[in-house]
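Protein chains in written order, with my numbering: chain B, 273 to 371; chain P, 6 to 422. Backbone N, C-alpha and C define an ideal beta-carbon position, used for all residues, glycine too.
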């Protein structure tokens, strides 16, 4: 089972307290009526699905209830970091240097 | 290659089984092929077989990063059925079912297709209505499926807990009698042997690193661990790793990869005559010919390539099994494993051309690719040979994510299926 750090509760807790909420940093279109069919496809359906580092959203559903983001390696399932919603994706090279 | 028959079995038995020859040669890559198929699972090997048999294209290589049939072909729970709600899906899966029927004879390889029936349990009023809608839809499409009362379900599968006091009482069931199981490894081996016999090269332990495109954008071949191999047509049939390979050709896919787990019990004497599925409590069980109970679990909630999966899902599945079949609550489980399944937003497969000339894709079968093996293989071969989708897979191309014409089996079944 994954152990996930909630950046709001500042606590590392079992996966069962959390709900996965898909890829992070997919911005909602600013003017939806201007989007072409291809742009709607990309926004709604296309996902990066990387083998490696993945920025993803989680929700602390059985805790504070808030959404946050995480960087996780999809091969080892190891979390590199979690960060609050609204913050930009952290620079991985800095994270690894800090370890 | 030896033709398998009662006579060849007898002959080899009398000579101490020392004269069996290898079933297919372990090929090394040539410089160029007409068609390269990425992924030697049942779908890829089958496509190579049908390319050779039905379209006369024999200069074909199937390239596999691991060993043949070692991905999801060897990791699934071997269930075959075709009772899907929508017309497009019902026709697609029933096409596969038609091919399953004669596959052992056709391949001269016993794939142990057993039509033991797949029974889907209804536990509440919504299930009853939803399954009856499926049954009516199936019957209109000529797909076998019928309704059983609780007593009939109990008679069909005696270990079932039919108590009205159960936490999730059985209120009836949908039964597809044509459905059942087949030996998954034998499907890969049978297709491999039949394809190799027609001249197809099967190249194992050779990861495809990237797909190379020429100046005009069309496919030139694939970069592999054993060097560059040229081909004008490349078909990707790489299940959970499709996104990664397609990305190398510059095509972004509407896919996400999740671990899907299964587990087996210790072997016991025959007790379980059919396949039982319960969407509501997430139980999925049959008994193999070896005697093990084969139990399918669900997908993890997060994207992963770990081929492992989390323990909470196993716990949840086993709890459901014990609820529906209390007789099994002291069974010991022998092992569990995971495979990586590629899931589309509408839970229907993608089978067709891509924006790149000469590049074809067969993916997105999610948690239910095994049952489609001969159908997917047959249609992929047709699509590659004719450079356009067959009428059965025309609704399943990538374009549906732009036009919005989804085949929403996810909403129809309400769970992974």
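Roughly how many whole angstroms lie between the Cα atoms of residue i and residue j?
i	j	result
residue 421 of chain P	residue 263 of chain P	Its pLDDT being 49, under 50, residue 421 of chain P is placed unreliably by the model, and the measurement read from it follows with that caveat. Taking the straight line from one Cα to the other gives about 12 Å.
residue 70 of chain P	residue 157 of chain P	47 Å
residue 362 of chain P	residue 72 of chain P	29 Å
residue 345 of chain P	residue 284 of chain P	21 Å
residue 355 of chain P	residue 403 of chain P	6 Å
residue 356 of chain B	residue 331 of chain B	11 Å
residue 316 of chain B	residue 204 of chain P	43 Å
residue 271 of chain P	residue 327 of chain P	15 Å
residue 251 of chain P	residue 396 of chain P	24 Å
residue 80 of chain P	residue 393 of chain P	31 Å
residue 358 of chain P	residue 388 of chain P	8 Å
residue 347 of chain B	residue 328 of chain B	14 Å
residue 304 of chain P	residue 287 of chain B	14 Å
residue 117 of chain P	residue 42 of chain P	26 Å
residue 265 of chain P	residue 321 of chain P	13 Å
residue 319 of chain P	residue 374 of chain P	21 Å
residue 39 of chain P	residue 63 of chain P	8 Å
residue 112 of chain P	residue 197 of chain P	10 Å
residue 277 of chain B	residue 361 of chain B	16 Å
residue 377 of chain P	residue 92 of chain P	15 Å
residue 88 of chain P	residue 147 of chain P	10 Å
residue 336 of chain P	residue 273 of chain P	9 Å
residue 76 of chain P	residue 45 of chain P	9 Å
residue 105 of chain P	residue 99 of chain P	10 Å
residue 169 of chain P	residue 285 of chain B	39 Å
Looking at residue i: is its Cβ nearer than 7 Å to the Cβ of residue j?
i	j	result
residue 301 of chain P	residue 193 of chain P	no
residue 400 of chain P	residue 51 of chain P	no
residue 126 of chain P	residue 178 of chain P	yes
residue 329 of chain P	residue 299 of chain P	no
residue 243 of chain P	residue 53 of chain P	no
residue 231 of chain P	residue 30 of chain P	no
residue 139 of chain P	residue 102 of chain P	no
residue 292 of chain B	residue 338 of chain B	no
residue 181 of chain P	residue 210 of chain P	no
residue 295 of chain B	residue 319 of chain B	yes
residue 347 of chain P	residue 413 of chain P	no
residue 315 of chain P	residue 273 of chain B	yes
residue 216 of chain P	residue 254 of chain P	yes
Does the beta carbon of residue i sit closer than 7 Å to a beta carbon anywhere in chain B?
i	result
residue 263 of chain P	no
residue 421 of chain P	With a pLDDT of only 49 at residue 421 of chain P, under 50, the local geometry of the prediction cannot be trusted, and the value read off the model is given with reservation. Chain B contact via Cβ: absent.
residue 7 of chain P	no
residue 306 of chain P	yes
residue 289 of chain P	no
residue 299 of chain P	no
residue 350 of chain P	yes
residue 401 of chain P	no
residue 277 of chain P	no
Once DSSP output is grouped into helix, strand and coil, what is the label at residue i?
i	result
residue 3 of chain P	The requested residue 3 of chain P is not part of the displayed model; chain P covers only 6 to 422.
residue 242 of chain P	coil
residue 248 of chain P	helix
residue 405 of chain P	helix
residue 82 of chain P	coil
residue 355 of chain B	strand
residue 133 of chain P	helix
residue 77 of chain P	helix
residue 109 of chain P	helix
residue 278 of chain B	strand
residue 307 of chain P	coil
residue 421 of chain P	Low local confidence applies: a pLDDT of 49 at residue 421 of chain P is under 50, so the model's placement there is unreliable, with the coordinate-based value given in what follows. Residue 421 of chain P falls in the coil class under three-state DSSP.
residue 301 of chain P	strand
residue 25 of chain P	coil
residue 371 of chain P	coil
residue 91 of chain P	coil
Using a C-beta cutoff of 7 Å, does residue i count as contacting chain P?
i	result
residue 318 of chain B	yes
residue 321 of chain B	yes
residue 292 of chain B	yes
residue 347 of chain B	yes
residue 313 of chain B	yes
residue 309 of chain B	yes
Hey, residue i and residue j are a contact pair by Cβ (cut 8 Å); roughly how many whole angstroms apart?
i	j	result
residue 224 of chain P	residue 213 of chain P	With 8 Å as the limit, residue 224 of chain P and residue 213 of chain P do not qualify as a contact, their Cβ atoms being about 12 Å apart.
residue 114 of chain P	residue 9 of chain P	7 Å
residue 365 of chain P	residue 238 of chain P	7 Å
residue 309 of chain B	residue 349 of chain P	Between residue 349 of chain P and residue 309 of chain B the Cβ distance is about 18 Å, and since that is not below 8 Å, they are no contact.
residue 184 of chain P	residue 85 of chain P	6 Å
residue 382 of chain P	residue 60 of chain P	About 12 Å; that fails the 8 Å criterion.
Measuring from the CB of residue i, is there a heavy atom of the ligand FMN at a distance below 6 Å?
i	result
residue 209 of chain P	Ligands in the displayed structure: none, and consequently the ligand FMN is not present.
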